[in-house]
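Just so you know, the sequences run in chain order A and B.
With the numbering used here as the guide, the letters of the first sequence map in order to residues 1215 to 1555.
With the numbering used here as the guide, the letters of the second sequence map in order to residues 1215 to 1555.
Every residue, glycine too, gets a C-beta built ideally from N, C-alpha and C.
Heads up: the structure comes next, in structure tokens.
Number of protein chains: 2
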Amino acid sequence: MEGLNGNQEEKSAAVQSGRSVLQRVRALLGDQLADVEAQLLQLSDLQPDELRNAVGMIVGSGGKRIRPIMVLLVTGMLGTAERSRAINLASAVEMLQTATLVHDDLIDGSLVRRGAQTLNAVWTPAATVLTGDYLFAYASNLASRVDSVRVMSIFSDTLGVIVGGELRQMFTDWGLRSTRDDYFRRIYAKTASLYVLASTTAGVISGADDAQFRALLDYGRDFGIAFQIVDDVLDFTGEQATVGKPVGSDLRRGMITLPTIIYAESHADDARLECALRGKCTPHQYDELIADIRNSDAIERSLVEARTITESAKRALELFPASEWRALLCDLADYNVRREL
Amino acid sequence: MEGLNGNQEEKSAAVQSGRSVLQRVRALLGDQLADVEAQLLQLSDLQPDELRNAVGMIVGSGGKRIRPIMVLLVTGMLGTAERSRAINLASAVEMLQTATLVHDDLIDGSLVRRGAQTLNAVWTPAATVLTGDYLFAYASNLASRVDSVRVMSIFSDTLGVIVGGELRQMFTDWGLRSTRDDYFRRIYAKTASLYVLASTTAGVISGADDAQFRALLDYGRDFGIAFQIVDDVLDFTGEQATVGKPVGSDLRRGMITLPTIIYAESHADDARLECALRGKCTPHQYDELIADIRNSDAIERSLVEARTITESAKRALELFPASEWRALLCDLADYNVRREL
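Given below as structure tokens:
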């Protein structure tokens, strides 16, 4: 009971501190985030109304807007980018992310995201494919308004990395051969690449030099890697009611993530691992294996890795002079690994 | 019999003249088209090999490469663009087209294109969606190598027009309310926009002034509109063996094109039209209606419109000094409306 209470207090502190980071971000960014939101919803070309409203819902029901926040904090820290370019860039990054989510939901067959029905749940696959394509075009349009060929080039490379990673994943039978390296390469493509897009292009429009660009790249990459590790841990530790999907859903789909990799390193003889990755376990075997991973030290060891990588993200920013912007970029990284779903 | 022979001779002359236009284009463009082909197939990042080979097949099995040819003839005519930019641009336009085709085949459920199996026929929808996305990223990457923000902006606008048009189509029950205006708006979005992309961006990298840009836009638009009208006529007049789909396949899917619109104008009382557009005809009724349209003057009147629009495309080029490049752009437009499948 004491442990549970202690855990709850810790959780509550984390949630509090998360709220306070985002509050401070909002205070510092002023109306910039509202301007991003308005940019995202300029869908006037989209007809008929039914379609525009549905797309507006998807775009508007976004999460915490961490990627646009990263763009705006970096441009704030560097202090030289024009405000309108920063807003367009922040909007473009978020729109690219939204577009990839629409196709991902179709690919995964997901019916719910962020508590709302996905397009995939209410429309045909054809309409969902086209809506994702429309949002790609929109993201690309917003990016072109930033008026930088280098930004456009990083944008298209990022889309190539994300989609190339998904394709590689789809065409590869990872199974137990999936190593730590495979995992990190995979989550770079899937998640970290979009944070790298946010941090580096914010640098580009601020005239960052090579060393600054490299530091921003390191920050974005480590932030994104830590983010995905925490997501993968929450897939094991979250409660179904909160996460909205069964505990251990990744493993149940044959997807190996860091907790499973770490667990497998010290339980190479656990025969359930191979059957799970081949999708051949009984539901009961999955439940047992997931409970065992959840109760093993693989969870804490995964979180230690996420925290170490977060420290590295923060260290990358030491190149820049201390400022409230820089402090918030560090706090955002900390919040990221302490967050709850 | 005489009529038939005359028709065959005319067809043969058209095929001959088409061959000769493309031969002259190839002679004039030299190794530029081979360089475009090589650019299109630089898929080295794509893993695993199985995937790269499949995508290589799609990209490599392209049609006549009319859009890249248009880019290269326009840059040749204007004479100031760097060769490498023209090659990158021509490749980017063709890659964007290829990407939209991959998603279109998924949306239509098409299993064959240009005589080869579509991705859709051999892969899951998920792999097909992602492959299309990958090709969008690739198109965008090629476009960014052109090193012009204005080109990127026209690219993203074009993708928005194409996809927005398809979505509007999907969410609208056109039925008999479909007018000539609707039809022309639809084929602009679906087909002509890509030719406008080719002609105008070729102008941009050649430093075209406003009047030249406008003339190139008119040429690309009229070329594309005429192209689609001819395609829609061929859907009625082509033989199943040549076209690879049943005669009148558009109408069978409830899609109204110019021959049907013209036929309906003079046969407003034909009750089969409404049942066909509602997808409620019997196969026999479809066969009869399609035969009636095919034997009516709607076919010839559609072709007259295509030829008139082609003349307008050629007239737009009168702004530019006479040259072999300009002559070939005109011949290409003529070939376009005389082509056979």
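- [ ] Please work out which residues of its chain come closer than 6 Å, Cβ to Cβ, to Ala-1306(B), disregarding the five sequence neighbours upstream and downstream, and give them in chain order.
- [x] Translated into positions along the second sequence, residue 1306(B) becomes position 92. Correct list, in chain order: Ala-1353, Leu-1356, Ala-1357.
TODO: Find the nearest neighbour of Gln-1253(A) within the set Ala-1300(A), Asp-1449(A), Ser-1392(A), judged by alpha-carbon distance.
DONE: Stepping through the first sequence from its first residue, residue 1253(A) is reached at position 39. When only C-alpha atoms are compared, the closest one is Ala-1300(A).
TODO: Measure the alpha-carbon distance for Ala-1490(A) versus Ala-1530(A) and round it to whole angstroms.
DONE: In the first sequence, the residue the question calls residue 1490(A) occupies position 276. In the first sequence, the residue the question calls residue 1530(A) occupies position 316. So the alpha carbons of these two residues sit roughly 39 Å apart.
Task: N- and C-terminal bounds of the alpha helix (DSSP H) containing Arg-1279(A) - done: Against the first sequence, residue 1279(A) aligns to sequence position 65. No alpha helix (DSSP H) holds Arg-1279(A); DSSP gives it neither H nor E.
Task: Continuous alpha helix (DSSP H) assignments of at least 4 residues falling wholly in the region 1447-1530 of chain B - done: 1454-1457, 1463-1466, 1472-1480, 1485-1491, 1497-1509, 1512-1530
Task: Where Val-1288(B) falls: helix, strand or coil (DSSP) - done: Counting from one through the second sequence, the residue named residue 1288(B) turns up at place 74. If DSSP states are grouped into helix, strand and coil, Val-1288(B) belongs with the helices.
Open item on the list: Determine whether the beta carbon atoms of Leu-1408(A) and Gln-1311(A) lie at a separation below 8 Å.
Closed with: For the purposes of this step, residue 1408(A) is taken as the residue at position 194 of the first sequence. For the purposes of this step, residue 1311(A) is taken as the residue at position 97 of the first sequence. Closer than 8 Å, so yes.
Task: Pair within 8 Å by beta-carbon distance, Arg-1364(A) and Val-1418(A) - done: Position 150 of the first sequence, counted from the first residue, corresponds to residue 1364(A). Position 204 of the first sequence, counted from the first residue, corresponds to residue 1418(A). Going by C-beta atoms, Arg-1364(A) is nearer than 8 Å to Val-1418(A).
Open item on the list: Taking 7 Å as the limit between beta carbons, can you name the residues of its chain near Met-1366(A), skipping five residues before and five after?
Closed with: Within the first sequence, the letter at position 152 stands for residue 1366(A). Excluding positions up to five away in sequence, the list reads Ala-1357, Ser-1358.
Task: Inter-residue spacing [alpha-carbon to alpha-carbon] between Ala-1527(B) and Leu-1517(B) - done: Taking the second sequence and counting its residues from 1, one reaches residue 1527(B) at position 313. Taking the second sequence and counting its residues from 1, one reaches residue 1517(B) at position 303. Their backbone Cα atoms lie some 15 Å apart in a straight line.
Open item on the list: Is it buried or exposed, Asn-1550(B), if we count other Cβ atoms within 10 angstroms and call 16 or more buried?
Closed with: One-based indexing of the second sequence puts residue 1550(B) at position 336. Burial call: buried.
Task: Minimum Cβ-Cβ distance from Asn-1355(A) to chain B less than 8 Å - done: What you label residue 1355(A) is simply residue 141 of the first sequence in a count that begins at 1. Judged by the 8 Å Cβ criterion, Asn-1355(A) is in contact with chain B.
Task: Cutoff 8 Å: Leu-1411(A) Cβ touching any chain B Cβ - done: Position 197 of the first sequence, counting from 1, holds the residue named residue 1411(A). Not an interface residue.
Open item on the list: With a threshold of 7 Å on Cβ separation, who are the neighbours of Gln-1426(B) within its own chain once the five nearest residues in sequence on each side are excluded?
Closed with: As a position in the second sequence, residue 1426(B) is number 212, starting the count at 1. Gly-1417, Leu-1533, listed in sequence order.
Open item on the list: Among Thr-1405(B), Ser-1420(B), Tyr-1477(B), whose alpha-carbon lies nearest the alpha-carbon of Ala-1440(B)?
Closed with: If you number the second sequence from 1, residue 1440(B) lands on position 226. Ranking Thr-1405(B), Ser-1420(B), Tyr-1477(B) by Cα distance to Ala-1440(B) puts Thr-1405(B) first.
Task: Positions along the region 1295-1316 of chain B whose CB lies within less than 7 Å of some CB in chain E - done: Included in the structure are the protein chains A and B, with no chain E among them.
Open item on the list: Please give me, in chain order, every unbroken run of the alpha helix (DSSP H) with length at least 4 that falls completely inside the region 1363-1446 of chain B.
Closed with: 1363-1385, 1394-1401, 1407-1418
- [ ] Locate the alpha helix (DSSP H) running through Thr-1345(B), then write down its first and last residues.
- [x] Translated into the one-based positions of the second sequence, residue 1345(B) becomes position 131. Segment 1339-1359, the alpha helix (DSSP H) holding Thr-1345(B).
Open item on the list: Taking a contact to mean a Cβ-Cβ separation below 8 Å, would you say Arg-1266(A) touches Glu-1308(A) in this structure?
Closed with: The count along the first sequence starts at 1 and reaches residue 1266(A) at position 52. The count along the first sequence starts at 1 and reaches residue 1308(A) at position 94. No, the pair does not count as a contact, with Cβ atoms beyond the cut-off.
Task: For Ser-1537(B), the first and last residue of its enclosing alpha helix (DSSP H) - done: Start at 1 with the first residue of the second sequence, and residue 1537(B) comes out as number 323. Per DSSP, Ser-1537(B) belongs to no alpha helix (DSSP H) and is neither H nor E.
TODO: Flag this pair as touching only if the region 1476-1488 of chain B and the region 1507-1526 of chain B have three or more C-beta atom pairs under 8 Å; answer yes or no.
DONE: yes
Task: Cβ distance (whole Å) where Pro-1262(A) is taken to contact Arg-1382(B) below 8 Å - done: What you label residue 1262(A) is simply residue 48 of the first sequence in a count that begins at 1. What you label residue 1382(B) is simply residue 168 of the second sequence in a count that begins at 1. Going by Cβ atoms, the distance from Pro-1262(A) to Arg-1382(B) rounds to 7 Å, so yes, they are a contact pair.
Task: Per-residue DSSP class, three states only, for Arg-1240(B) - done: By one-based count along the second sequence, residue 1240(B) stands at place 26. Correct three-state label for Arg-1240(B): helix.
Task: Cβ-based burial, Ser-1275(A) [other Cβ within 10 Å; buried from 16] - done: For the purposes of this step, residue 1275(A) is taken as residue 61 along the first sequence, with counting starting at 1. It counts as exposed.
- [ ] Classify Asp-1318(B) as helix, strand or coil using the three-state DSSP reduction.
- [x] Position 104 of the second sequence, counted from the start, is the residue given in the question as residue 1318(B). Correct three-state label for Asp-1318(B): helix.
- [ ] Answer yes or no: do Tyr-1397(B) and Leu-1472(B) have a C-beta to C-beta separation smaller than 8 Å?
- [x] As a position in the second sequence, residue 1397(B) is number 183, starting the count at 1. As a position in the second sequence, residue 1472(B) is number 258, starting the count at 1. For Tyr-1397(B) and Leu-1472(B), yes; Cβs fall inside 8 Å.
- [ ] Determine the closest residue to Ser-1298(A) out of Arg-1466(A), Val-1269(A), Asp-1245(A), with distance taken between C-alpha atoms.
- [x] Here residue 1298(A) corresponds to residue number 84 of the first sequence, with the count starting at 1. Answer by Cα proximity: Asp-1245(A).
Open item on the list: For Asp-1371(B) and Ala-1351(A), I'd like the C-alpha separation in whole angstroms.
Closed with: Translated into positions along the second sequence, residue 1371(B) becomes position 157. Translated into positions along the first sequence, residue 1351(A) becomes position 137. So the alpha carbons of these two residues sit roughly 7 Å apart.
Task: the region 1248-1278 of chain B: positions lying closer than 7 Å to chain A by Cβ - done: Asp-1259, Leu-1260, Gln-1261, Pro-1262, Glu-1264, Leu-1265
Open item on the list: For Gly-1323(A) and Ser-1537(B), I'd like the C-alpha separation in whole angstroms.
Closed with: Locating residue 1323(A) in the first sequence gives position 109, counting from the first residue. Locating residue 1537(B) in the second sequence gives position 323, counting from the first residue. Cα-Cα distance, rounded: 55 Å.
Task: Reduced DSSP secondary structure (H/G/I, E/B, other) of Ser-1545(A) - done: Residue mapping note: residue 1545(A) aligns to position 331 of the first sequence, counting from 1. First, the amino acid is wrong: residue 1545(A) is Asp here, not Ser. Helix at Asp-1545(A).
Task: For Gln-1246(A), the first and last residue of its enclosing alpha helix (DSSP H) - done: Along the first sequence, one-based indexing puts residue 1246(A) at 32. 1246-1254 is the extent of the alpha helix (DSSP H) around Gln-1246(A).
Open item on the list: At the level of alpha carbons, what is the spacing between Lys-1494(A) and Ile-1507(A)?
Closed with: For the purposes of this step, residue 1494(A) is identified with residue 280 of the first sequence, where counting begins at 1. For the purposes of this step, residue 1507(A) is identified with residue 293 of the first sequence, where counting begins at 1. Cα to Cα, the separation comes out at about 18 Å.
TODO: Give the range of the alpha helix (DSSP H) segment to which Leu-1260(A) is assigned.
DONE: In the first sequence, counting from the first residue as 1, residue 1260(A) sits at position 46. Per DSSP, Leu-1260(A) belongs to no alpha helix (DSSP H) and is neither H nor E.
TODO: Assign Glu-1380(A) to buried or exposed, taking buried as 16 or more other Cβ atoms, counted over all protein chains shown, within 10 Å of its Cβ.
DONE: Stepping through the first sequence from its first residue, residue 1380(A) is reached at position 166. When all chains shown are included, Glu-1380(A) counts as buried.
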